[in-house]
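Residue numbers (the numbering used here): 5 to 300.
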């Protein structure tokens, strides 16, 4: 049933005009294929499809959309074809990207504010519809204006974070294979299930959701240019340094990758960070050449 649920949600997004270009192409290709491949319908299916046609002619509302989407999944081609007869509204999207070593401040169409971290991408419509929906790859801090009639939803590869009005941080870099949601004020709901309150952080990793208290000052320090590493592996630290400073770092000693370090730096140069890091814990040697760093 999971694939049916996904199909229903996609069709509803298509009809209400909040699909991404990739999703629109997926649905269009889907319909085109169905139109080109006739499939026989049983008599009871034809009867239901005739009922759907009557609904299309008589009522063009949200309730119908849900019914039509369900029928589309259950019956296949015919109901999908009928569903498509009402053209979807195409929505213009804005794509904002922060490159390595930079951060960007964004004001959304509803006046909410976003601080986008390095090597992050945020996508959102020029004008919000019933829901205020955004798509994030990377990390961002959101200060959301209260609007109970229009939920604010941030989508990542692994999480859907919904709020009414609050301030929170979402980090979801693909290469890290984990995602976190940290709440500074208000509360959020993640994946329609877990509620995260102020001072809590939800972590998604290996298909599991875990919630725990967190030091929000440390978790949100990046907004002020402060880097805080607490008992983290050198490999994960270097991933963050690469994004923060726009450099490439190679660790040539495999065991060293798993060695854990703690460090706090406030708006320091990469040279100073590497010097401090190399002298902490068990230490290591390194070489900086232009924007390339080798550690051994």
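Even glycine gets a Cβ: it sits at the ideal position worked out from N, Cα and C.
- Task: Please report the residue range of the beta strand (DSSP E) in which residue 129 lies.
- Result: Along the chain shown, read from residue 1 onward, the residue named residue 129 stands at position 125. Taken as a continuous stretch (DSSP letters only), the beta strand (DSSP E) holding residue 129 covers 124 to 129.
- Query: Bridge partners of residue 205, per DSSP?
  - Reply: Taking the chain shown and counting its residues from 1, one reaches residue 205 at position 201. Paired residues: 186 and 216.
- Message: Beta-carbon within less than 8 Å of residue 192's beta-carbon, same chain only, minus the 5 sequence neighbours each way: which residues are those?
- Response: Here residue 192 corresponds to residue number 188 of the chain shown, with the count starting at 1. Within the same chain, residue 192 has close Cβ partners 165, 166, 167, 170, 172, 185, 199 and 200.
- Kindly indicate the opening and closing residues of the beta strand (DSSP E) around residue 98. Taking the first residue of the chain shown as 1, we reach residue 98 at position 94. For residue 98, the uninterrupted beta strand (DSSP E) run begins and ends at 97 to 102, by DSSP.
- Mapping DSSP to helix, strand and coil, what is residue 109? If you number the chain shown from 1, residue 109 lands on position 105. Secondary structure at residue 109: strand, using DSSP grouped into helix, strand and coil.
- Under the three-state reduction of DSSP, which class applies to residue 277: helix, strand or coil? On the chain shown, residue 277 is found 273 positions in, with the first residue counted as 1. Looking at residue 277 - three-state DSSP - the assignment turns out to be helix.
- Could you give the residue range of the beta strand (DSSP E) that holds residue 296? Within the chain shown, residue 296 is the residue found at index 292, counting from 1. Run containing residue 296: 296 to 299, per the beta strand (DSSP E) assignment.
- Over the uninterrupted beta strand (DSSP E) stretch that includes residue 264, give me the two end residues. On the chain shown, position 260 is the one that residue 264 refers to. Per DSSP, residue 264 belongs to the beta strand (DSSP E) from 264 to 270.
- Item | Spatially closest choice to residue 158 from 225, 174, 197 and 266, by CA coordinates | The residue you call residue 158 lines up with position 154 of the chain shown. If we check each option's Cα against that of residue 158, 174 comes out closest.
- Item | heavy atom of the ligand ZN below 7 Å from residue 109 C-beta | Judged by which ligands are present, the structure shown has none, so any question about the ligand ZN falls away.
- Item | Burial state of residue 249, where buried means 16 or more other Cβ atoms lie within 10 Å | One-based indexing of the chain shown puts residue 249 at position 245. That one is buried.
- Message: Considering Cα atoms alone, identify which of 188, 162, 283 and 242 is closest to residue 210.
- Response: The residue labelled residue 210 in the question sits at position 206 within the chain shown. Cα-wise, what sits closest to residue 210 is 162.
- Task: Please determine, among 230, 207 and 279, the residue with the shortest C-alpha to C-alpha distance to residue 187.
- Result: Along the chain shown, read from residue 1 onward, the residue named residue 187 stands at position 183. Nearest option by C-alpha distance: 207.
- Query: If you compare alpha carbons, which of 109, 269 and 239 is closest to residue 230?
  - Reply: In the chain shown, the residue the question calls residue 230 occupies position 226. Checking every option, the nearest Cα to that of residue 230 belongs to 269.
- Task: Assign residue 240 to one of three DSSP states: helix, strand, or coil.
- Result: In the chain shown, the residue the question calls residue 240 occupies position 236. Three-state DSSP puts residue 240 in a helix.
- How should residue 111 be labelled, buried or exposed, when 16 other C-beta atoms within 10 angstroms of its C-beta is the threshold for buried? The sequence position of residue 111 within the chain shown is 107, counting from 1. Flag for residue 111 reads exposed.
- Residue burial classification, residue 273 (beta-carbon count within 10 angstroms, cutoff 16): Locating residue 273 in the chain shown gives position 269, counting from the first residue. In summary, residue 273 is exposed, with fewer than 16 beta-carbon neighbours lying within 10 Å of its beta-carbon over all protein chains present.
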